[in-house]
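Let me begin by presenting the structure, written as structure tokens, before commenting on it.
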Amino acid sequence: MKIDLFAIDGTKKQKAVSADLFEANINEDLMHRAVLMRLANRRNAIAHVQARGDVSATRKKAFRQKGTGNARRGSLTTNLLRGGGAVHAPRNVRNFAKDMPKKERRAALFSSLSLQAQQSNVFALEKMNMEAPKTKEFVAVLDKLPEAKKYLFVFADKDENLRKSMNNLPNVKTILASYLNPFDVLHAEKVCFFEDALAKTEEVFLSHKK
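Note that the numbering used here has the sequence shown beginning at 2, numbered continuously upward.
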């Protein structure tokens, strides 16, 4: 398979890429599960309500058992009284984490990359060398690339100057090739690999096949 490779000046040529990455079988179920796993693992248990044992109150019986005309009443922390603890209250110790086998995670990633490539949403860009962070310089290059509302730029290695040049742009997200995942790939409208990131992606995710 071949994808478009753009130079810094906007000229375009073709580059051959791995069929294992970009022409894999598209498995919607695996992609769905991988996205759910990512969302679940980002989730924090914030809601926390006091249960009966958490309420600060005397444990003394509210009033004597007989002779008052009231219904029998034991603890003041019961959920039946105002200020008492809640029954089956949400707790902040809940764990929403999900997991998938490594083979399934990789298959989901290959499916998402293949789906984006099938829709002509994947392209490559020659490596940019920036001596200092310059958002204006990067925007000049971005204007020559296929238009999109959301970009995902894939790096082979950390490049702080280039990454900082992109950070101010709300429609651009950056990620290292070793951290590629179905959620970010599918969430982007266009996925752009820096040329050396293609080789890095193959090294990380296809080395087990060698």
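For every residue, glycine included, the Cβ atom is placed at its ideal position computed from N, Cα and C.
Looking at the DSSP output, residue 149 bridges to nothing.
Residue environment: residue 108 is assigned as buried (16 or more neighbouring CB atoms within 10 Å of its CB, all protein chains considered). Taking each of 157, 122, 164, 134 in turn and checking the Cα distance to residue 146, the smallest one comes out for 122.
Judged by DSSP secondary structure, residue 175 falls within the beta strand (DSSP E) whose first and last residues are 173-177.
Distance from the CA atom of residue 2 to the CA atom of residue 17, rounded to whole angstroms, is 6 Å. For residue 203, same chain residues with a beta-carbon under 6 Å away, outside a window of 5 residues either side, are 19 in chain order. Excluding sequence positions up to five before and after residue 41, its CB lies within less than 8 Å of the CB of 97, 98, 99, all in the same chain and listed in chain order. Within the same chain, and ignoring the five residues on either side of residue 119 in sequence, the residues whose Cβ sits closer than 8 Å to its Cβ are 27. Per DSSP, residue 126 is one residue of the beta strand (DSSP E) stretching across 123-126. Burial state of residue 185 is buried, judged by a 10 Å Cβ sphere holding 16 or more other Cβ atoms. Non-local C-beta neighbours of residue 134 in its own chain, meaning closer than 6 Å and more than five positions away in sequence, comprise 162, 165, 166, ordered along the chain.
Membership of residue 140 in the alpha helix (DSSP H) is indicated by the continuous run 136-143. Leaving aside the five residues that flank residue 127 on each side, the residues in its chain whose CB is nearer than 8 Å to its CB run, in chain order, 6, 7, 8, 9, 195, 196. DSSP links residue 207 through a beta bridge to no other residue.
Within the model, the alpha-carbon separation for residue 180 versus residue 92 is close to 31 Å. Exposure of residue 14 is indicated by the presence of fewer than 16 other C-beta atoms within 10 angstroms of its C-beta.
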